[in-house]
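*Asks:* Chains as they are written, first to last, in the working numbering: chain C, 1 to 113; chain Y, 114 to 227.
Glycine is no exception: its CB is placed at the ideal position from the N, C-alpha and C atoms.
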Amino acid sequence: AQSVTQLDSHVSVSEGTPVLLRCNYSSSYSPSLFWYVQHPNKGLQLLLKYTSAATLVKGINGFEAEFKKSETSFHLTKPSAHMSDAAEYFCVVIITGGFKTIFGAGTRLFVKA
Amino acid sequence: NAGVTQTPKFRILKIGQSMTLQCTQDMNHNYMYWYRQDPGMGLKLIYYSVGAGITDKGEVPNGYNVSRSTTEDFPLRLELAAPSQTSVYFCASTYQQGKDYGYTFGSGTRLTVV
Numbered sequence: 001a002q003s004v005t006q007l008d009s010h011v012s013v014s015e016g017t018p019v020l021l022r023c024n025y026s027s028s029y030s031p032s033l034f035w036y037v038q039h040p041n042k043g044l045q046l047l048l049k050y051t052s053a054a055t056l057v058k059g060i061n062g063f064e065a066e067f068k069k070s071e072t073s074f075h076l077t078k079p080s081a082h083m084s085d086a087a088e089y090f091c092v093v094i095i096t097g098g099f100k101t102i103f104g105a106g107t108r109l110f111v112k113a
Numbered sequence: 114n115a116g117v118t119q120t121p122k123f124r125i126l127k128i129g130q131s132m133t134l135q136c137t138q139d140m141n142h143n144y145m146y147w148y149r150q151d152p153g154m155g156l157k158l159i160y161y162s163v164g165a166g167i168t169d170k171g172e173v174p175n176g177y178n179v180s181r182s183t184t185e186d187f188p189l190r191l192e193l194a195a196p197s198q199t200s201v202y203f204c205a206s207t208y209q210q211g212k213d214y215g216y217t218f219g220s221g222t223r224l225t226v227v
């Protein structure tokens, strides 16, 4: 069975410190993996995607994620948090063939001044 | 380029009332979707469409209906609203359903049923 697990429902960091949002997936097939960000009262915006090219993927606003097949993980990182990064982040898996999309439950990121 | 536009942004319904959530996109995307978002639950697929005239059920279709008469529009109909339908609804579209294509989302409709 395919699934996506975001390991933390909430993450709190201080401004200027690194961000780590964790995502593990389970898939019998070769997946594509995405991270989306949702700011309050807004729709979801694509941050970055992995589609079987380079395992280290760079996205918008300084975020990046590394696909680790051996660990079935796709963690999202940023070297230095900014107040504007406070939002909810969703890890998403699209199964090969593209006919099934699975959303993680989301991780809310808080950034303290 | 407006992307995906949803209306209304907020709505309060009484139990048993009906309403239509509107969704339109101007990107000529064939694939369109309706999701609901409940706290701590991620997004759940209600209905989707692979092109004008073609729709199919997602994970949680009960209590909803859709139509797709044009490429641009994909309205979601709620008949006999129930408190369990209190949620945030998102419409999304994509050019092609596949590994390399992400979704474009609307800004959502926050619905409360009382």
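1. Just checking: is the beta-carbon of M145 of chain Y within a distance shorter than 8 Å of some beta-carbon in chain C?
2. Just to check my reading of the structure: S220 of chain Y and F187 of chain Y have Cβ atoms closer than 8 Å, yes? What is that Cβ distance to the nearest angstrom?
3. Return the chain-ordered list of same chain residues with a C-beta closer than 8 Å to the C-beta of F110 of chain C, the five sequence neighbours on each side being excluded.
4. Smallest Cα separation from A195 of chain Y: which of Y:M154, Y:M132, Y:V117, Y:T183?
5. For P174 of chain Y, which residues in the same chain have their Cβ closer than 8 Å to its Cβ, ignoring the five residues on either side in sequence?
6. So, helix, strand or coil for G62 of chain C, using DSSP?
7. Return the chain-ordered list of same chain residues with a C-beta closer than 8 Å to the C-beta of G215 of chain Y, the five sequence neighbours on each side being excluded.
8. Comparing C-alpha positions only, which one of C:G59, C:K100, C:S84 sits nearest to K15 of chain C?
9. Hey, how far is the Cα of Y202 of chain Y from the Cα of N41 of chain C?
10. Grouping DSSP H, G and I as helix and E and B as strand, with all else coil, what is Q45 of chain C?
11. Please confirm if the stretch 59 to 78 of chain C is in contact with the stretch 29 to 41 of chain C, defined as three or more CB-CB distances below 8 Å between the two stretches.
12. What residue ranges within the stretch 142 to 215 of chain Y form continuous alpha helix (DSSP H) runs of no fewer than 4 residues, ordered along the chain?
*Replies:* In short:
1. no
2. Going by Cβ atoms, the distance from S220 of chain Y to F187 of chain Y rounds to 15 Å, so no, they are not a contact pair.
3. H10, V11, S12, V13, A86
4. Y:M132
5. I159, Y160
6. Shown here, G62 of chain C sits in a helix according to DSSP, grouped into three states.
7. T207
8. According to the sequence as given, residue 15 of chain C is Glu; it is not Lys. Out of C:G59, C:K100, C:S84, C:S84 has the C-alpha closest to the C-alpha of E15 of chain C.
9. Each residue's Cα considered, the two are about 11 Å apart.
10. strand
11. yes
12. Runs of the alpha helix (DSSP H) inside the stretch 142 to 215 of chain Y: none found.
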